[in-house]
Every structure is written in structure tokens, then in C-alpha cells.
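Numbering (our numbering), first residue to last: 1 to 122.
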């Protein structure tokens with residue numbers, strides 16, 4: 001915990017998802033709310049997408065942050081703003097009106113399970 005899922009449209013040719021994930025992870029770690037090694041993130045390129053009804057020229061990046069419950073709305077909104085700032089810092093060469101979107105959701109603590117598996121002795 002937390003889990004970060006970043007989705008981005010294929011027409012963001014100069015977008016570097018690795019740099020974006022690094023920036024997001026760093027921002028979340030720097031917030032003081034999460035242990036650095038607990039942050040798990042992944043990026044998914046969207047080859048098939050649509051923004052409105054236009055045939056081309058529009059792009060978006062959508063980030064979903066999932067955290068355990070217990071944080072107030074202002075704290076969760078702060079996480080969203082940190083992520084938007086991190087994305088903005090690494091976004092270059094993008095189409096006009098590229099949309100950056102962030103949602104912060106709570107994991108279901110009654111069903112979320114995590115186990116760290118050590119490397120086998122060999």
C-alpha cells in the first residue's frame with residue numbers, strides 16, 4: 001500500500017512512464033504518509049481510447065491511487081495534487097489540452113491482504 005496505476009494515451013509520444021512513476025513515488029514518499037518501499041506503481045499505455053468525439057489530437061493521463069482507509073478528504077485531495085504536480089514536472093512534448101486526471105480511492109481493508117515473500121535460500 002499504496003497502489004498507483006497510471007494510464008496514458010499512445011499519442012503521448014514523448015511521455016516517459018518510468019520517469020512519471022519515479023516522480024509520483026518520490027512525491028508520495030516525501031509526503032511522509034507512506035514508507036518508500038511500500039509504494040507500488042505501474043503504467044499502462046492505452047492504444048485504444050477516445051477523448052470526446054474528436055478523431056485525433058487529444059490525450060490524457062489518468063492516475064488512480066489506492067490507499068488504506070482512515071485519511072480525511074483534505075489529505076486524499078493533497079495526494080491528488082502531489083500527483084498532478086509530479087506528472088506536470090515530467091510531461092514534455094504533449095498535444096494541446098492534454099488532460100491530467102487523478103482519483104484517490106480507498107482499498108477495502110477487510111479484504112486487502114499483503115505478504116512480503118523473502119528470496120529462497122539457495
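Glycine residues also receive a C-beta, built at the ideal position from the N, C-alpha and C atoms.
Residue nearest to residue i in terms of C-alpha spacing, selected from the options
i	options	result
residue 64	102, 33, 38	102
residue 93	8, 7, 12	12
residue 79	19, 89, 27, 97	27
residue 67	75, 60, 61	75
residue 33	84, 72, 119	72
residue 97	77, 29, 56, 111	56
Sequence-distant residues of the same chain with beta carbon closer than 6 Å to residue i, five excluded per side
i	result
residue 58	51
residue 69	106, 109
Cβ pair residue i, residue j closer than 9 Å
i	j	result
residue 91	residue 82	no
residue 2	residue 61	no
residue 25	residue 4	yes
Pairwise C-alpha distance: residue j and residue i
i	j	result
residue 87	residue 6	10 Å
residue 115	residue 35	15 Å
Buried/exposed call for residue i, threshold 16 Cβ in 10 Å
i	result
residue 117	exposed
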